[in-house]
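Colleague:
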Amino acid sequence: MDKKSIRSNLLIIAVAIIIGIILYVEKPFQKQSDLGTGSGGLAMTEDGLVEDTSSYPDAPELQGISHWINSNPLEISRLKGKVVLVDFWTYSCINCIRTLPYLKDWHDKYADDGLVIIGVHTPEFKFEKEIANVEAAVKGFGVMYPVAMDNDYRTWNAYGNRWWPHKYLIDKNGKVRYDHIGEGGYAETESQIVRLLKEINQDVEKKDSDVKDESGGLGRLFQTPELYAGYDFARVDLGNDEGYAPDQIVDYKEPESISADRIYAAGKWLNNGDNLKHAENAEGKILLRYTSRAVHVVADTAEPNSPAMIEVLLDGNSLNVKNAGRDVEIDAESGKSMMKVDRARLYNVISENADYGSHMLTLASNDNKFMIYTFTFGS
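Taking our numbering, the leading residue of the sequence shown gets 965, the next gets one more, and so forth.
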């Protein structure tokens, strides 16, 4: 090969590299490849440049919504010209609950600028399919934006979703331009909201927030993972030697030793797919050795309008004002720490103010109404 050919080839390679770098830098970030791609579109960026958005996926339509709260039925296709934030959540999920203050704040600040938030409520447990339960939760959390009940997972599946919570941000042309899984990333998500709103109106600016950061200070410290009590949901077996017996009542012996991060039972408990239900009017216990600061449980009473009273012990002792969760009351006379389970929801058992470490938690019940679904942990 002569020098002229070599120079020509080097020039071609150099040009190809430069073009490749430009395409890489200019190519829009596309995280959710499961959604596919759609028709073309152009958007004006903050600095006045025109951005090609054609490689972003079209937002799937909302499907199979059985009930709407705070709104008449909505369609993504009829919301073009708006910025839409689709948030997959479920009301007993602690991670979802901790994101709600930010969603409510964005709704308050940017709804008049063209932001539409749709909370797609896709249930994890059967009780979360009940309209009355979801409506009570929405009211209790002070959620004012539209909530769509996706009981059959049709919208969840249309988006290829697998997580609670999961936010999808859709631009004025119906393109999914950004998504975020789980908690956190609030500043980045808000910046993306404002960026897309600016494509509608350049005068939109990021607004101050009164939301307090509740992320806590555990950092990278270990904490016990979420634990499920029902045999269909459990990722690990019960700690008891008896194990699970699906749809049967098992008389569990109180164990002499407790391994960490495993649920143990003592007494008679009905093994349901998504929960353990106390099955006698005599003392039964749920025991757990965990590592964390705060502890939450999803629980219910088997008899509506008839609460189940639960005594809570930490390391064998009643709770105190520092470590008692918001849903635990300390009896002034007996000193016992009691939790009233009156409906299906998330209960805060051990406070975020409790000391971080490994502890032994006991939930004791003397009636057959108590049902426990999950333990979750955090700060």
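For every residue, glycine included, the Cβ atom is placed at its ideal position computed from N, Cα and C.
Small disclaimer: the values here were computed from a predicted structure and weren't measured.
Can you tell which of ASP1201, TYR1055, TYR1123 and VAL1175 has its C-alpha closest to the C-alpha of HIS1085?
Modeller: Among ASP1201, TYR1055, TYR1123 and VAL1175, the Cα nearest to that of HIS1085 belongs to TYR1055.
Colleague: Give the C-beta separation of CYS1057 and GLU1094 to the nearest angstrom, bearing in mind that I take them to be a contact with Cβ-Cβ under 8 Å.
Modeller: Their Cβ separation, rounded to whole angstroms, is 16 Å, which puts CYS1057 and GLU1094 out of contact at 8 Å.
Colleague: Would you kindly work out how many angstroms separate the C-alpha atoms of ASP1022 and LEU1278, rounded to a whole number?
Modeller: Roughly 51 Å separates the two Cα atoms.
Colleague: CA-CA distance, HIS1130 and GLY1149?
Modeller: Looking at the two C-alpha atoms, the distance is approximately 11 Å.
Colleague: Let me check one thing: in DSSP terms, what residues is HIS1323 bridge-paired to?
Modeller: TYR1254.
Colleague: What first and last residue would you give for the beta strand (DSSP E) that runs through LYS1131?
Modeller: From DSSP, the beta strand (DSSP E) with LYS1131 extends over 1130–1134.
Colleague: Taking the C-alpha atoms as reference points, what is the distance between LYS1286 and ALA1258?
Modeller: So the alpha carbons of these two residues sit roughly 11 Å apart.
Colleague: Quick one, are the C-beta atoms of ILE1157 and VAL1047 less than 8 Å apart?
Modeller: Closer than 8 Å, so yes.
Colleague: Who are the near neighbours of GLY1045 in its chain, counting only those whose CB is closer than 6 Å to its CB and skipping five residues on each side?
Modeller: Cβ neighbours of GLY1045 beyond the five flanking positions: LYS1136.
Colleague: Relative to the C-alpha of GLY1078, which candidate in PHE1334, GLU1163, GLU1190 and ALA1198 has its C-alpha closest?
Modeller: The option with the nearest alpha carbon to GLY1078 is GLU1163.
Colleague: In three-state terms, what does DSSP make of ALA1308?
Modeller: DSSP places ALA1308 in coil when its eight states are reduced to three.
Colleague: Just confirm the distance between the C-beta atoms of SER1329 and ALA1272, as a whole number of angstroms; I'd bet it's less than 8 Å.
Modeller: Between ALA1272 and SER1329 the Cβ distance is about 6 Å, and since that is below 8 Å, they are a contact.
Colleague: Which residue's Cα is closest to the Cα of ASN1332: TYR1254, ALA1246, GLY1299 and THR1340?
Modeller: When each option's Cα is compared against that of ASN1332, the closest is ALA1246.
Colleague: If you compare alpha carbons, which of LEU1202, ASN1059, ASN1269 and ALA1224 is closest to TRP1127?
Modeller: Of the candidates LEU1202, ASN1059, ASN1269 and ALA1224, the one whose C-alpha sits nearest the C-alpha of TRP1127 is ASN1059.
Colleague: I'd like the span of the beta strand (DSSP E) that includes TRP964, first residue to last.
Modeller: The structure shown does not extend to residue 964, since the chain spans only 965 to 1343, so no value can be given for it.
Colleague: What three-state label does DSSP hand LYS1300 in the structure shown?
Modeller: DSSP places LYS1300 in coil when its eight states are reduced to three.
Colleague: Check whether the Cβ atoms of GLY1194 and ASN1239 sit closer than 8 Å, and answer yes or no.
Modeller: In this structure, ASN1239 lies closer than 8 Å to GLY1194 by Cβ.
Colleague: So, are the CB atoms of TYR1132 and ASP1143 less than 8 Å apart?
Modeller: Yes. Within cutoff.
Colleague: Keeping to the same chain, check which residues put their C-beta closer than 6 Å to that of MET1324; ignore five residues upstream and five downstream.
Modeller: Within the same chain, MET1324 has close Cβ partners ARG1253 and ASP1279.
Colleague: Judging by CA-CA distance, which residue of GLN1166, ASP1051, PRO1024 and ASP1306 is the nearest neighbour of GLU1039?
Modeller: Considering only alpha carbons, the answer is PRO1024.
Colleague: Count the other C-beta atoms from every protein chain shown that fall within 10 angstroms of the C-beta of TYR1117, then say buried if there are 16 or more, exposed otherwise.
Modeller: Result: exposed.
Colleague: Mind checking who MET1335 pairs with in its DSSP beta bridge?
Modeller: Bridge partners of MET1335: LYS1241 and ASP1264.
Colleague: What is the rounded straight-line gap between the Cα of LEU1191 and the Cα of ASP1167?
Modeller: Rounded to whole angstroms, LEU1191 to ASP1167 spans 47 Å at the Cα level.
Colleague: Which value, in whole angstroms, describes the spacing of the CA atoms of VAL1098 and GLU1092?
Modeller: Cα to Cα, the separation comes out at about 6 Å.
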